[in-house]
Amino acid sequence: MTDEYKTIAKKGEGYYTEKRSKFLAFAHHVASADEVKDLVAQYRKKYFDARHVCYAYMLGAERKDFRANDDGEPSSTAGKPILGQINSNELTDTLVVVVRYYGGVNLGTGGLIVAYKTAAAEAIANSQTEMRQVEELVTYDFPYVMMNQVMRVVKEMNPRIVSQTYDNNCRIVLGIRRSLAEQLKAKLEKLSFS
């Protein structure tokens, strides 16, 4: 199982026109389905006079949570080609929205697929992508007297400190790259017995 994934770092925009229909495309980084809903709602509000606001998204490092929406276009002519572009670029935690202004001439299913695919591809090409690491959270409870030993392991492995509570009994929550999580757990467990 990999502990890296590719996502959008900086929003990208694309534009495509065919037979007076205009296709405005926007690629975003998203972390949840709620964020997707909010962004799509913003585009529907901003482009209230557009005929269609179609979109597709992919979430999670395993790339198993996804959806494509045709917003009234013929089935699979908008959302699927947009999702296809997200897939062919191996992106996740990504939303691509394509807004269509109808130009008065029907494009047919083939024309629509090409238009949505091209607009989405351009938005992705004009965005910045980056590799991110999948983090696993490690929680460790320990007595206060072990503080120096725990902090030595933290300094050595360099995880992100998510939260920490200090009292007679302390708790630290660490975020670390998934492939290093077992090693971190083993080092912390080893402290318990030394």
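Heads up: the sequence shown is residues 315 to 508, going by the working numbering.
The beta-carbon is built from N, C-alpha and C at its ideal position, and this holds for glycine as well.
My assumption, with CB atoms under 8 Å, is that residue i sits in contact with residue j. Please give the rounded CB distance.
i    : j    : result
V410 : A370 : 6 Å
L494 : M465 : Not quite, the Cβ-Cβ distance comes to about 17 Å (not below 8 Å), so this is no contact.
Q447 : L505 : The pair is not a contact, with the Cβ atoms about 25 Å apart (cut-off 8 Å).
F340 : A437 : 6 Å
H342 : L353 : 6 Å
Could you tell me the distance, in whole angstroms, from the CA atom of residue i to the CA atom of residue j?
i    : j    : result
A392 : R492 : 35 Å
P473 : V487 : 10 Å
S477 : Q497 : 20 Å
F362 : E327 : 18 Å
V467 : M460 : 11 Å
A500 : K359 : 51 Å
T432 : L397 : 12 Å
C484 : D317 : 29 Å
E349 : G374 : 13 Å
E387 : K469 : 55 Å
Y330 : T479 : 54 Å
T443 : D481 : 42 Å
N383 : R414 : 13 Å
G424 : I475 : 51 Å
T408 : T321 : 6 Å
A522 : G489 : With the chain covering 315 to 508 only, the question about residue 522 has no answer from this structure.
Y430 : E503 : 53 Å
Y416 : N403 : 28 Å
V419 : Y357 : 24 Å
Which partner residues does residue i have in the DSSP bridge list?
i    : result
D455 : R485
Y330 : F337
T321 : E444
T479 : R485
R491 : E449
R474 : G489
Determine, for residue i, whether the minimum Cβ-Cβ distance to residues of chain D falls below 8 Å.
i    : result
E449 : Protein chains in the displayed structure number just one, and chain D is not present.
At 4 residues or longer, what runs of the alpha helix (DSSP H) sit wholly inside the region 356-418?
Counting only runs of 4 or more, we get 393-402.
Three or more beta-carbon pairs under 8 Å between the region 334-349 and the region 451-465, yes or no?
Not touching, per the Cβ criterion.
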